[in-house]
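Trainee: All the letters of the sequence shown, read from the start, carry residue numbers 2 to 163 under the numbering used here.
A virtual CB, placed ideally from N, CA and C, is assigned to each residue, including glycine.
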Amino acid sequence: MNKGVIGIILSEDKSQVLLIKRQDVPVWVLPGGGVEKDESSTDAVIREVWEETGLKVKIYRKIAEYSPVNRLASLAETYECIPYEGELQRGSETKAISYFPLDQLPKNFFFLHLEWLQDALKNQTDVIHQPLSHITYWNLFKYFIRHPYWVIRFLITKIIKD
């Protein structure tokens, strides 16, 4: 699997976060995606945010690197981004897009992205380095039991893309 990048976009007063609802699986997530061959992580997050939100952003800071503990995941990096141009518009992989107050996040906000958002809100000056310890076969099985349709749609999408 390729490295993944996530762009965290907060409102100016840091009270809201920009989320997208995926087209393939009806969950809210932070904008992001995979790093293409010969592309830097920063270029990838700028591209992914633009493709999914219509916003041109600059990187404010790198927040974290999350390393995989098994074959279910790949290295993921999160960046705080600041929009400087564009208007919110859905991309081909985006069903909906909206800013949400931090104390009123949607129920179907992907749990891992919630943890990454919480890390971003700590405002640490050093880059966080942590393992992706929640991405395990057991947790995937439990998630599948609760949301079989979502997991099957996600896996089919991954197979088609790869």
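Name the DSSP bridge partner or partners of A97?
Mentor: In DSSP, A97 forms a bridge with K22.
Trainee: Is E78 near E66, with beta carbons less than 9 Å apart?
Mentor: The answer is yes: Cβ separation under 9 Å.
Trainee: Does the beta-carbon distance from V6 to E49 come in below 9 Å?
Mentor: Closer than 9 Å, so yes.
Trainee: Starting from R48, trace the alpha helix (DSSP H) in both directions and tell me its first and last residue.
Mentor: Residues S42 to T54.
Trainee: What residue range does the beta strand (DSSP E) around E78 cover?
Mentor: Segment A77 to G87, the beta strand (DSSP E) holding E78.
Trainee: Mind reading off the beta-carbon distance from P84 to L76? Whole number of angstroms is fine, and I expect it under 8 Å.
Mentor: P84 to L76, Cβ: 25 Å. No contact.
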